[in-house]
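Residue numbers for the sequence shown, in mature numbering (1 follows the signal peptide of the UniProt record, and there is no 0): -28 to -1, 1 to 323. A quick write-up on the structure given underneath.
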Amino acid sequence: MEISRRLLGKMAAALAGATMLLPAAAGAQDKPAPFDNPGDVEIALVRYLSTGDFFQAYLSGVEKQAEALGVNLRVLDSRQDAALQADMVDQAIALGVDGIIIQHGLTESMKEAAQRAVDAGIKVVAFDVNVENDAIPQIEQSDRDLARLALEQAIADNGEAWKAGYVYVAGIAPLDRRDETWREFKEKYSGIEEVAQFGTLDNPIANSVANQARSVVTANPDIQVMFAPYDEFAKGVKIAVDEAGLSDSIKIYSADVSTADISAMREPGSAWVATAATNPAVVGEVSVRALAMLLAGEEPGKSVIVPPTLITQQALNDGDIKNMDDLSAKMPQFAHADVAVPDWMPLPARD
């Protein structure tokens, strides 16, 4: 068979084209299904809590990791309506999403909804809500460690005997876990006297807690420590303490952090002296990565724990830390969690 120059040219062009495609094909093969075609993957974030800087940063982390993977993301926000959140899980099921992140919520309303998603063949992870399901990994901030770090600092600052106010709302998984540590500390240190417990999740949370805290500090002006293990709680307590002119006599210890929190902690004479926190954006990223591992047939583990960092007022002032970017730059352990990171997983670009 005689091969013409024209045919040879076509064959050479075809071979060159195939060679140019090889790196792209190899790159696609590096990622397991379904992430070899990520544009076909759709995940949903079903939220219970969304008010406050923590939740905005968490959402940002979810969005950035979803973008890095190249998947489609739907965000369904129930705004603290437990029944609506359960309905939104059903909406996500009806939409045919591949995976669902359940973010906060109540066990009694989310347990059956989460099971319906699993029964429909959808992969599910849960952040800070106990859905009592072994098939669903729990994403946690190591809430017991968050409380422990803050309370150890309270002991270091104030000794082992003091009168305390405590902000708590039962039924929210992370707050319940933090409460376990609080109770353990009270048993260990008999000199800690809890003289008042209060708390609400009514929006706006900080202002609603401030309304309660005003009455508490008026009735108990001898309180020395306020343990408010959620930053919106701490903001509310600080408002009341400032208004009562008690910033010199009361110290506030909390969990979670944001740029607004850093600013409040660094105010001259601020009563808010320490918090323990994970980077909420990083927790959002980890939530998506754990779900992606499930979709790829991998196991992220039953509990996916993001370790926390202690952040003191003194460290913020000494480092002249003004915002979350400064915090990540000067506390590298806060900037990234090496959690749920298989070799094939693309990560968000770091600013």
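For each residue, glycine too, the CB sits at the ideal point set by N, CA and C.
> From isoleucine 108 to lysine 274, what distance separates their C-alpha atoms?
Replying inline: One-based indexing of the sequence shown puts residue 108 at position 136. One-based indexing of the sequence shown puts residue 274 at position 302. If I take the Cα positions, the gap works out to 7 Å.
> Does DSSP put aspartate 212 in a helix, a strand or coil?
Replying inline: Here residue 212 is taken as the residue at index 240 of the sequence shown, counted from 1. A small fix is needed here, since residue 212 is alanine in this sequence, not aspartate. It is helical.
>> Given this structure, state the Cα-to-Cα distance separating valine 69 from glycine 42, to the nearest angstrom.
In response: The residue you call residue 69 lines up with position 97 of the sequence shown. The residue you call residue 42 lines up with position 70 of the sequence shown. Rounded to whole angstroms, the gap between the alpha carbons of valine 69 and glycine 42 is 15 Å.
>> If you reduce the DSSP assignment to three classes, tell me which class valine 181 lands in.
In response: Here residue 181 corresponds to residue number 209 of the sequence shown, with the count starting at 1. The answer is helix: DSSP assigns valine 181 an H, G or I state.
>> For glycine 24 and glutamate 204, what's the separation of their Cα atoms in angstroms?
In response: Numbered from its first residue, the sequence shown carries residue 24 at position 52. Numbered from its first residue, the sequence shown carries residue 204 at position 232. Straight-line measurement puts the Cα of glutamate 204 at about 7 Å from the Cα of glycine 24.
>> Helix, strand or coil, according to DSSP, for leucine -8 in the structure here?
In response: Your numbering for residue -8 matches position 21 in the sequence shown. In this predicted model, leucine -8 has a pLDDT of only 38, less than 50, meaning its place in the structure is not dependable; the value taken from the coordinates is given anyway. In the structure shown, leucine -8 sits in a helix (DSSP, three-state: H, G or I).
>> Is the separation between the beta-carbon of valine 97 and that of isoleucine 72 shorter than 9 Å?
In response: Taking the first residue of the sequence shown as 1, we reach residue 97 at position 125. Taking the first residue of the sequence shown as 1, we reach residue 72 at position 100. Contact flag set, yes.
> Using the beta-carbon count (16 or more within 10 Å), is aspartate 117 buried or exposed?
Replying inline: Walking along the sequence shown from the start, residue 117 turns up at place 145. Around the Cβ of aspartate 117, a 10 Å sphere holds 16 or more other Cβ atoms; the residue is buried.
>> isoleucine 127 and isoleucine 94 - do their beta-carbons sit closer together than 9 Å?
In response: Position 122 of the sequence shown, counting from 1, holds the residue named residue 94. Position 155 of the sequence shown, counting from 1, holds the residue named residue 127. Using a Cβ distance threshold of 9 Å, isoleucine 94 and isoleucine 127 do not count as a contacting pair.
> Under 9 Å between the Cβ atoms of serine 81 and alanine 58?
Replying inline: The residue labelled residue 81 in the question sits at position 109 within the sequence shown. The residue labelled residue 58 in the question sits at position 86 within the sequence shown. Less than 9 Å divides the Cβ of serine 81 from the Cβ of alanine 58.
>> So serine 187 and serine 219 are supposed to be a Cβ contact under 8 Å. How far apart are they, rounded?
In response: Against the sequence shown, residue 187 aligns to sequence position 215. Against the sequence shown, residue 219 aligns to sequence position 247. With 8 Å as the limit, serine 187 and serine 219 do not qualify as a contact, their Cβ atoms being about 18 Å apart.
>> Let's see if you can read the secondary structure: which residues bound the alpha helix (DSSP H) around serine 81?
In response: Within the sequence shown, residue 81 is the residue found at index 109, counting from 1. Run containing serine 81: 79 to 91, per the alpha helix (DSSP H) assignment.
> Between serine 221 and the rest of its own chain, which residues show a CB-CB distance below 6 Å, the 5 nearest in sequence each way excluded?
Replying inline: Here residue 221 refers to the residue found at position 249 when the sequence shown is read from its first residue. Result list for serine 221: empty, nothing under 6 Å.
>> Helix, strand or coil for proline 318? Go by DSSP, reduced to three states.
In response: In the sequence shown, residue 318 corresponds to position 346, counting from 1. Collapsing the DSSP output to three states places proline 318 in coil.
> Residues in its own chain within less than 6 Å of proline 10 by CB, not counting five upstream and five downstream?
Replying inline: Numbered from 1 along the sequence shown, position 38 holds the residue referred to as residue 10. Counting only Cβ-Cβ distances below 6 Å, and skipping sequence neighbours, we find Leu41, Gly42, Val43.
> Which first and last residues belong to the alpha helix (DSSP H) in which alanine 243 is found?
Replying inline: Translated into positions along the sequence shown, residue 243 becomes position 271. Annotation: alanine 243 is outside any alpha helix (DSSP H) and is labelled neither H nor E by DSSP.
> Touch check for the region 306 to 319 and the region 135 to 148: three-plus C-beta pairs under 8 Å?
Replying inline: Taking 8 Å as the limit for Cβ pairs, the verdict is that the region 135 to 148 does not touch the region 306 to 319.
>> Between glutamine 184 and phenylalanine 199, how many whole angstroms is the CB-CB distance? I'm expecting something under 8 Å.
In response: Walking along the sequence shown from the start, residue 184 turns up at place 212. Walking along the sequence shown from the start, residue 199 turns up at place 227. Contact doesn't hold; Cβ gap of about 15 Å is too wide.
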